[in-house]
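Here is the structure we will look at.
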Amino acid sequence: HKFVEVTMEIITKASVAGTACSDVIDTTDNLYPEVWNHKDSLEWIRKALISIGVSIILSEDDDREVFDCSVVMGLCEHIHQHLAYTMYDSQPFCIYARVHDLLNADRRRLISYIRKRLPCSCLDDKYKEVKDLPKMGTCRYHKCSHLRSKVALSEMMSCERCRIQHYCSEQCQAADWQRHKENDCCKQWGRWRQMIIDQLAKREREQTVALS
Numbered sequence: 001h002k003f004v005e006v007t008m009e010i011i012t013k014a015s016v017a018g019t020a021c022s023d024v025i026d027t028t029d030n031l032y033p034e035v036w037n038h039k040d041s042l043e044w045i046r047k048a049l050i051s052i053g054v055s056i057i058l059s060e061d062d063d064r065e066v067f068d069c070s071v072v073m074g075l076c077e078h079i080h081q082h083l084a085y086t087m088y089d090s091q092p093f094c095i096y097a098r099v100h101d102l103l104n105a106d107r108r109r110l111i112s113y114i115r116k117r118l119p120c121s122c123l124d125d126k127y128k129e130v131k132d133l134p135k136m137g138t139c140r141y142h143k144c145s146h147l148r149s150k151v152a153l154s155e156m157m158s159c160e161r162c163r164i165q166h167y168c169s170e171q172c173q174a175a176d177w178q179r180h181k182e183n184d185c186c187k188q189w190g191r192w193r194q195m196i197i198d199q200l201a202k203r204e205r206e207q208t209v210a211l212s
């Protein structure tokens, strides 16, 4: 598929993950605008990117492995978010924080992300090599002194309302609160989460009544 060929050509020449992902999106949107509006095509591309991610992880080329795979999986997650929001209506907006996390992911997170989306066990051995390593993340406060550094997820703070934005410390979360609390995505996701919780609670009550 030409879409995938163009994607990999851009990624293999790139040196900055976020820029590479943006360049792929912009370039493919200009060359193949119809693909971004076609559910089946995007699902095929998403699966193709997962397969490419497997090949990268199994290649054992440490010099480029994590970088290339992080961009491929970041794009894969972008497509997933695009589908969920615009075509399946399964969430209120695209959660770009998850794309950001993958673009800055370490090897453990990438292997775990790909493995969960595979019907086979081809990455099981690779996962065993990294599963005991701590899960890492990056702070979402744009002025954080650890902005490009990985922080253990177990030590990070998260927004209580949306549960999407993560911070390396209470100080970063407090410093970013004024901006983040006005974010429409945070408000929408908070309402969406509450709606899902209410629906599940209602369903549980109905099941209890039916069984009684």
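In terms of the numbering used here, the sequence shown opens at residue 1 and continues consecutively.
Even glycine gets a Cβ: it sits at the ideal position worked out from N, Cα and C.
Bear in mind the structure is a predicted one, so any value in this text is a computation, not a measurement.
Residue i lies in the alpha helix (DSSP H); which residues open and close that run?
i, result
"Arg163", "Element bounds for Arg163: n/a, residue is neither H nor E."
"Glu129", "124-130"
"Trp36", "Run containing Trp36: none; DSSP gives neither H nor E here."
"Ile79", "65-82"
When the Cα of residue i is compared with those of the options, which residue comes out closest?
i, options, result
"Lys116", "Ile50, Ala84, Leu211", "Ile50"
"Glu77", "Phe67, Met87, Thr86, Cys94", "Cys94"
"Ile56", "Ile45, Trp44, Gln194, Met73", "Met73"
"Lys128", "Arg107, Pro119, Lys143", "Arg107"
"Gln194", "Ser145, Lys39, Asp124, Gln91", "Gln91"
"Glu5", "Lys39, Tyr96, Ala48", "Ala48"
"Gln171", "Lys13, Leu110, Lys143", "Lys143"
"Lys131", "Leu118, Leu110, Thr138", "Leu110"
"Ser158", "Ser145, His38, Ala97", "Ala97"
Applying the criterion that 16 or more other CB atoms from any shown protein chain within 10 Å of the CB defines a buried residue, is residue i buried or exposed?
i, result
"Glu182", "exposed"
"Arg205", "exposed"
"Arg140", "buried"
"Cys122", "exposed"
"Gln207", "exposed"
"Leu31", "exposed"
"Cys120", "exposed"
"Gln173", "buried"
"Asp176", "buried"
"Val16", "exposed"
"Ile197", "exposed"
"Leu103", "buried"
"Ala152", "exposed"
"Arg7", "Rather than Arg, the amino acid found at residue 7 in this sequence is Thr. Looking at its Cβ environment, which holds 16 or more other Cβ atoms inside 10 Å, Thr7 is buried."
"Leu75", "buried"
Quick check: the Cα distance between residue i and residue j, rounded to an integer number of angstroms?
i, j, result
"Asp26", "Cys69", "19 Å"
"Phe3", "Ala210", "51 Å"
"Gly190", "Leu42", "28 Å"
"Val99", "Cys168", "18 Å"
"Ser154", "Ile45", "33 Å"
"Ser59", "Ile10", "19 Å"
"Ser112", "Ile164", "19 Å"
"Ala201", "Asp89", "21 Å"
"Ala84", "Cys185", "15 Å"
"His80", "Ser149", "26 Å"
"Asp125", "Gly53", "15 Å"
When DSSP labels each residue in this structure, what does residue i get in the three-state scheme?
i, result
"Ala105", "coil"
"Val16", "coil"
"Tyr167", "strand"
"Met8", "helix"
"Met157", "strand"
Under a CB-based cut-off of 8 Å, is residue i close to chain E?
i, result
"Ile197", "Within the model displayed, chain E is absent; a lone protein chain is all it includes."
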